[in-house]
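Enquirer: In the numbering used here, the protein residues as written are 469 to 958.
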Amino acid sequence: MKPSEYLAILNEIEMNYPVKDWRSQGVRIWPIIRLSLAMKLHQQSESNSLPSGSKKNKIQFLKKDYIKPFLEGKKYANPPIVKSDVVFLTHSLFKTEIQDKWYDRFIDPLIYQLKDLKKDGYILEYSSKDVYRSHTFHPSKMIQFKLNLLRIKTKILNRFKQPKISFNSFDEVNSVLKKHGISMNSSISYVKYLALIIEMSKYFEDILTKSQAKVGMTVYYYGPEGMAFNLACDRLGIPSIDIQHGVQGRYHRAYGSWSNVPSTGYELLPKKFWCWSEQDIKSINSWANGTVHEAFIGGNPWLEIWKSSNEHISFIKEYKMQAKELIDANKKDKVILVTLQTGRDIPSLLIDIMNKGDRSWLWLIRLHPHMLEQYSSIVDKLSKFVDFKVSYNIDFATELPLYAILPFTDLHITEWSSAVIESREFGVKSILLHEFGKELFKKEIESEVAYFSQVDEDIVRKIPLLMMEKSNHDDLTTLKSMNVLSHYLE
Numbered sequence: 469m470k471p472s473e474y475l476a477i478l479n480e481i482e483m484n485y486p487v488k489d490w491r492s493q494g495v496r497i498w499p500i501i502r503l504s505l506a507m508k509l510h511q512q513s514e515s516n517s518l519p520s521g522s523k524k525n526k527i528q529f530l531k532k533d534y535i536k537p538f539l540e541g542k543k544y545a546n547p548p549i550v551k552s553d554v555v556f557l558t559h560s561l562f563k564t565e566i567q568d569k570w571y572d573r574f575i576d577p578l579i580y581q582l583k584d585l586k587k588d589g590y591i592l593e594y595s596s597k598d599v600y601r602s603h604t605f606h607p608s609k610m611i612q613f614k615l616n617l618l619r620i621k622t623k624i625l626n627r628f629k630q631p632k633i634s635f636n637s638f639d640e641v642n643s644v645l646k647k648h649g650i651s652m653n654s655s656i657s658y659v660k661y662l663a664l665i666i667e668m669s670k671y672f673e674d675i676l677t678k679s680q681a682k683v684g685m686t687v688y689y690y691g692p693e694g695m696a697f698n699l700a701c702d703r704l705g706i707p708s709i710d711i712q713h714g715v716q717g718r719y720h721r722a723y724g725s726w727s728n729v730p731s732t733g734y735e736l737l738p739k740k741f742w743c744w745s746e747q748d749i750k751s752i753n754s755w756a757n758g759t760v761h762e763a764f765i766g767g768n769p770w771l772e773i774w775k776s777s778n779e780h781i782s783f784i785k786e787y788k789m790q791a792k793e794l795i796d797a798n799k800k801d802k803v804i805l806v807t808l809q810t811g812r813d814i815p816s817l818l819i820d821i822m823n824k825g826d827r828s829w830l831w832l833i834r835l836h837p838h839m840l841e842q843y844s845s846i847v848d849k850l851s852k853f854v855d856f857k858v859s860y861n862i863d864f865a866t867e868l869p870l871y872a873i874l875p876f877t878d879l880h881i882t883e884w885s886s887a888v889i890e891s892r893e894f895g896v897k898s899i900l901l902h903e904f905g906k907e908l909f910k911k912e913i914e915s916e917v918a919y920f921s922q923v924d925e926d927i928v929r930k931i932p933l934l935m936m937e938k939s940n941h942d943d944l945t946t947l948k949s950m951n952v953l954s955h956y957l958e
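The following block contains the structure:
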């Protein structure tokens, strides 16, 4: 099922049933249910997914979820809570290794800009999948251990609390969903999930209060941590701002095509959406107009650094040189960047294209940060199925910053990665291999910045033509994000 199809189902429900009025503990609970249903419908249509990992025994569970977060948290600076103008919530996976230190692509540029404005920022960081990245450019407080303790607390409380919840028309909505092959979980399960979010929000509320923050900013709002952070900001009456971290658009389950939103908004959603482009603003404001939610252009702070001459940036020249050396060492005529999707295996269609393509092409295979644990299996598959005469690289392509690679790239291929947007900014066209990409990047296809096909011979014929043409990139804003920060901190 395509994103447009499953979002149409959710929109039908939102328009015909009182889901926006479903509440528990004073909080509208529909965002939790909607995002869960969108993921179910999305996964229903997935093939080529990687197998899930084996279940952990109790000892492994304790080590991963409690002992390791505690020990790793000790390595962090864990700065004490002090007065700060902005409190940030971020995830370890958004970091890139720069000169033996970890740099948060979305938060660190803003911290530097806050310093220029004589303002302070305080960073809260959580993690998952054993990803811990200490020794950072700016100190952050590692909160994963605390969040795990709150999970234990909530499970205990939920054992003793059996709330009697009745959501009007819940069964009718389930009947509609069953026609599409899925159903909601029990209402109690959603209420228990909300209980975890509320416990986390109390923790964030305490930090926001002690720091006297004027603004709360997060990356990736639609996990329990992000929704809890938004709820804390809502209860304190300060703006919560979600910073764009990738493709959004009309067909993104968290950003596009909500309908019948209450004018007072959803407490679990950010009040403001920091976007990269006018296109992203339009897709959000089309449903947010008339509510407290609003999108605005803030720019892409990480991209701004790579395209500016400003200067905590000595590393940029070094990484561009490394990328150039990698490409020069392979002595190939053209460079094709491939960005893989998290949770997916390497597409068999891509392997067919590589085998049928010109031997003068160098393929840079870039793993998504969430799929690093699949590195060995992807290497094995490439070595087994790709002709030995095909030149490709995984290590440098994955380790180097994306913006170091793009200036030397002739073409980008993906299923539906947001790197389509970033490639466009460097004048690089993209080929999309998946129906999801066809929908998410409809505008790019229409403007011939991207091309969709699932036929290997067609793509191999098209590649030389696309590599000859550099795209125009006039959609991403050049507005400095510092101006936006200044506005919200006046």
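Using N, Cα and C, we set each Cβ at its ideal position, and we do this for glycine too. What you are looking at is a predicted structure, and each value in this text was computed from that prediction instead of being measured.
Roughly how many angstroms lie between the CA atoms of residue 558 and residue 929, to the nearest whole one?
Expert: Their Cα atoms are separated by approximately 42 angstroms.
Enquirer: Let me know the beta strand (DSSP E) ranges lying completely inside the segment 765-851, each 3 residues or longer, listed in chain order.
Expert: Taking only runs of at least 3 residues, the beta strand (DSSP E) segments lying wholly in the segment 765-851 are 802-807, 829-834.
Enquirer: Give the range of the alpha helix (DSSP H) segment to which residue 484 is assigned.
Expert: Start and end: 471-484.
Enquirer: Using a threshold of 8 angstroms, state whether the C-beta atoms of residue 552 and residue 681 are closer than that.
Expert: It is a contact, given that the beta carbons lie within the stated cut-off.
Enquirer: Compute the Euclidean distance between the alpha carbons of residue 910 and residue 731, then round it to the nearest angstrom.
Expert: So the two alpha carbons sit approximately 30 angstroms from each other.
Enquirer: Do you know how far the Cα of residue 860 is from the Cα of residue 879?
Expert: Distance between the alpha carbons of residue 879 and residue 860: 14 angstroms.
Enquirer: Assign residue 902 to one of three DSSP states: helix, strand, or coil.
Expert: Residue 902 falls in the coil class under three-state DSSP.
Enquirer: Suppose you measure from the CA of residue 737 to the CA of residue 895; what does that come to, to the nearest Å?
Expert: Between residue 737 and residue 895, the C-alpha separation is close to 34 angstroms.
Enquirer: Could you say which of 693, 539, 605 lies nearest to residue 570 if we only look at CA atoms?
Expert: Out of 693, 539, 605, 605 has the C-alpha closest to the C-alpha of residue 570.
Enquirer: Among 864, 828, 790, which residue has its Cα nearest to the Cα of residue 935?
Expert: It is 828 whose Cα lies nearest to the Cα of residue 935.
Enquirer: Using only CA atoms, which one of 567, 542, 703, 622 lies nearest to residue 600?
Expert: Nearest C-alpha to residue 600: 542.
Enquirer: Straight-line CA distance for residue 918 to residue 906?
Expert: C-alpha separation (whole angstroms): 9 angstroms.
Enquirer: Kindly indicate which residue of 937, 836, 735, 771 has the alpha-carbon position closest to the one of residue 759.
Expert: Nearest of 937, 836, 735, 771 to residue 759, Cα basis: 735.
Enquirer: Mind pulling the alpha helix (DSSP H) runs of 4 or more residues that sit fully within the segment 496-581?
Expert: Segments of the alpha helix (DSSP H) lying fully in the segment 496-581: 498-512, 526-530, 536-543.
Enquirer: For residue 942, I'd like the list of residues in its chain whose CB is within less than 7 angstroms of its CB, leaving aside the five on either flank, ordered along the chain.
Expert: Because the pLDDT at residue 942 is just 46, under 50, the model does not fix this residue reliably, and the point stays unresolved.
Enquirer: Going by C-alpha distance, which of 657, 641, 659, 658 is nearest residue 651?
Expert: The shortest C-alpha separation from residue 651 is found at 641.
Enquirer: Let me make sure I understand the geometry here. Which of 661, 927, 593, 807 has the alpha-carbon closest to that of residue 537?
Expert: Measuring from the Cα of residue 537, the nearest candidate turns out to be 593.
Enquirer: Keeping to the same chain, check which residues put their C-beta closer than 8 angstroms to that of residue 770; ignore five residues upstream and five downstream.
Expert: Excluding residues within five positions, the ones whose Cβ falls inside 8 angstroms are 573, 574, 577, 871.
Enquirer: Among 721, 819, 838, which has the Cα closest to the Cα of residue 471?
Expert: Nearest option by C-alpha distance: 721.
Enquirer: Take residue 810 as the anchor and find which of 746, 903, 843 has the nearest alpha-carbon.
Expert: Answer by Cα proximity: 843.
Enquirer: Out of 590, 647, 614, 664, state which residue places its alpha-carbon closest to the alpha-carbon of residue 626.
Expert: Among 590, 647, 614, 664, the Cα nearest to that of residue 626 belongs to 664.
Enquirer: What are the boundary residues of the alpha helix (DSSP H) that residue 656 is part of?
Expert: 655-679 is the span of the alpha helix (DSSP H), which, as asked, contains residue 656.
Enquirer: Does DSSP put residue 955 in a helix, in a strand, or in coil?
Expert: The answer is helix: DSSP assigns residue 955 an H, G or I state.
Enquirer: Taking C-alpha atoms, which residue in 493, 889, 495 lies nearest to residue 716?
Expert: Closest by alpha carbon: 889.
Enquirer: How many angstroms separate the CA atom of residue 477 from the CA atom of residue 646?
Expert: Each residue's Cα considered, the two are about 11 angstroms apart.
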